[in-house]
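Notes follow once the structure below has been shown.
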Amino acid sequence: MKIATYNVNSINARLPILQRWLAEEQPDIVCFQELKAIQENFPLQAINDLGYQAIWHGQKSWNGVAIISRLGEVVERRNVLPGDDEDAQSRYIEAEVNGIIIGCLYLPNGNPYPGEKFDYKLRWMERLHRHAADLLATGKPAILCGDYNVIPSEIDAYKPENWVNDALFRPESREAFYKLIDQGWTDAIRQLYPKETIYTYWDYFRNAYGRNAGLRIDHFLLSPQLTGRLTAAGVNRNVRGREKSSDHGPVWIELAD
DNA sequence: ATGCCGTGGAAACCACGA
């Protein structure tokens, strides 16, 4: 089973890229972030035509998340992260597919640091931590994947010294990420490639992709039941190099049945 | 080192992203 996550930076602006990539890679399940579309503007027909069912939670202008599948039914479990009734930003959607719980998340960027947005990021991560514990407690295999907006370690940034006061690399953000790892989740890419330089995002500016000046900020966290089933993982970095690409590339994993 | 680009939405610029 192949599962992917892709921050598309507008699902409608990305539709041609998306159709080509889905046809090439044929992932079974995909989590999308940054739909940048209201609920009514999700391109359901185009997704269905490619053989996928979909659930999504749109929002005007920003954010927005979706899960699509060409396997079993996508049963939505929730479309908000618990813990703050005041939070109107569409950044989390969760489904059960083929007996696996899949949480698709778009974690707040948090810049500038310090400030309200950074505080919101940390509160969001605390909520994620609590919810992640609840998922582990279900005893079901679970995946938490998406755009974490966290650079976990120095090897995940092309020039880590440039990011020391950035919300993506602040110690508070990294510690919150490692708190999830300590809970029992496994960073799939690092399980298979502990020391390699692997990026998932390249800035639109300064020929960042051409210089491979990237970041690793899109992650797959696997519950303990799934770590033994992980057979492969990677980034479709060539997709980032195409015309009209997102600034992120698709990240994928393979699980043994 | 830097929103230098890309997108949406409202208004011919601004917010936002990382």
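If you're matching positions, the first sequence starts at 942 in the numbering used here and goes up one per residue. All residues carry an ideal CB built from backbone N, CA and C; glycine is no exception.
Asked                                                                                                            : Found
Nearest neighbour of Ala1149, chosen from Ile1043, Ile1009, Tyr1099, Ala1129 [CA to CA]                          : Tyr1099
Beta strand (DSSP E) runs contained entirely in the region 1041-1071, provided each spans 3 or more residues     : 1041-1047
Three-state class that DSSP yields for Phe1118 in the structure shown                                            : helix
Straight-line gap, Gln980 to Gly1005 (C-alpha atoms, nearest Å)                                                  : 9 Å
Other residues of its chain near Ala1117: CB distance less than 6 Å, five sequence neighbours each side excluded : Met1066
Extent of the continuous alpha helix (DSSP H) run through Glu966                                                 : 956-966
Helix, strand or coil at Lys1019 [DSSP, three-state]                                                             : First, the amino acid is wrong: residue 1019 is Arg here, not Lys. Residue state, collapsed to three classes: strand.
Rounded separation between Ala1197 and Leu1109 - CA only                                                         : 32 Å
Span of the beta strand (DSSP E) around Ala903                                                                   : Because the chain is modelled from 942 through 1198, residue 903 falls outside the range shown and cannot be assessed.
Neighbour-count burial assignment, Phe1146, 16 or more Cβ in a 10 Å radius                                       : exposed
For Leu1076, the three-state DSSP class (helix, strand or coil)                                                  : helix
DSSP state of Trp997 mapped onto helix, strand, coil                                                             : strand
N- and C-terminal bounds of the beta strand (DSSP E) containing Leu976                                           : No beta strand (DSSP E) contains Leu976, which DSSP labels as neither H nor E.
Beta-carbon separation (whole angstroms), Asp1011 vs Tyr1033, contact threshold 8 Å                              : Per the sequence presented here, residue 1011 reads as Arg, with Asp not at that position. 22 Å between Cβ atoms; not a contact.
Local conformation of Ile1092 per DSSP, three classes                                                            : coil
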